[in-house]
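Colleague: Pasting a structure below so you can have a look.
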Amino acid sequence: MIPIVVGTESDDPFAIDIGRYCGQVEDIADLISLKTFANSEFCPRYIGEIPNEPGFALTGRRVAIVSSASAWLSRDELAMRTLLVARAARDNGAASVVLVEPDLFYSAQDRGPRADQGDTDFERDLADRRKFEGQPFSARLYAEMLSLAGVDCVVTIHNHSVSVGAEFRKRMPG
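Numbering (our numbering), first residue to last: 314 to 487.
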């Protein structure tokens, strides 16, 4: 079955190209509405056949979410949109959710200040841990949030480090 390919913003050429490559005939705009409420909150809505019972329109389907760089939205905004698009897919019965994010967001913050915050291919010394003093271990948080939103696996070109890859593998079976 062809996956449903959607994006996190309208008319993303990368998302459109991936959809076409996967054999998707429908325009992304005909599959998902990317609505913003008057109070500026984002609310995605999958469009399609309405089942008898609400919440089952995507039952058995694989959803691929494409989230790439934007001239109009910050990485923070795109990340939150990704979480909501993934949750909408899961809340409507999607069997699996795959995120395609070429430059994985928050991967530069690949470890925290404590020795147990980040898997590295080198022994972390005090100087390395001090570089992260006072900072969040954002790569771990992003992996946890994506998993909680229902993302099964992430496809990326650049995950920054061994530590980031390890964090995502721990939280996502795909």
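Backbone N, C-alpha and C fix where the C-beta goes; we use that ideal spot for every residue, glycine too.
In this text the structure is predicted, and so the values were computed from the model without any measurement.
Could you check which residue in Gly478, Glu457, Ala428, Glu414 has the C-alpha nearest to that of isoleucine 331?
Modeller: Glu414
Colleague: From leucine 391 to isoleucine 360, what distance separates their C-alpha atoms?
Modeller: 20 Å
Colleague: Within its chain, find whatever has a CB closer than 6 Å to the CB of valine 468; leave out the 5 residues flanking it on each side and keep chain order.
Modeller: Val413
Colleague: Taking glycine 478 as part of the alpha helix (DSSP H), name the residues at either end of that continuous run.
Modeller: 475-484
Colleague: Please confirm whether alanine 452 and valine 411 have their CB atoms less than 8 Å apart.
Modeller: no
Colleague: What are the boundary residues of the beta strand (DSSP E) that includes glycine 320?
Modeller: Counting along the chain, the beta strand (DSSP E) containing glycine 320 begins and ends at 317-320.
Colleague: Per the contact definition of three or more C-beta pairs closer than 8 Å, is the region 387-403 in contact with the region 433-441?
Modeller: no
Colleague: My understanding is that leucine 344 touches valine 319, with C-beta atoms under 8 Å, so please give their C-beta distance in whole angstroms.
Modeller: 6 Å
Colleague: Taking just the CA atoms, how far does arginine 424 sit from glutamate 446?
Modeller: Roughly 10 Å separates the two Cα atoms.
Colleague: Helix or strand or just coil, what does DSSP make of alanine 452?
Modeller: For alanine 452, the three-state secondary structure derived from DSSP is helix.
Colleague: With distances taken Cα to Cα, identify the nearest neighbour of leucine 459 among Ala384, Thr395, Pro367.
Modeller: Thr395
Colleague: With a 10 Å radius around its C-beta and 16 neighbouring C-beta atoms as the bar for buried, classify arginine 374 as buried or exposed.
Modeller: buried
Colleague: Can you find the residues in the same chain that come closer than 6 Å, C-beta to C-beta, to serine 474, ignoring five residues on each side of it along the sequence?
Modeller: The residues are Asp423.
Colleague: Does the beta-carbon of aspartate 429 have 16 or more other beta-carbons within 10 angstroms, so that it is buried, or is it exposed?
Modeller: Result: exposed.
Colleague: With a cut-off of 8 Å on the beta carbons, I'd call isoleucine 317 and alanine 328 a contact; round off their distance for me.
Modeller: Wrong, their Cβ atoms sit about 11 Å apart, outside the cutoff.
Colleague: Take the Cβ of tyrosine 334 as the centre, count every other Cβ of all protein chains shown within 10 Å, and call the residue buried at 16 or more, exposed below.
Modeller: exposed
Colleague: Please return the same chain residues whose Cβ sits closer than 8 Å to the Cβ of arginine 358, not counting the five positions on each side in sequence.
Modeller: Ile345, Ser346, Lys348, Ala401
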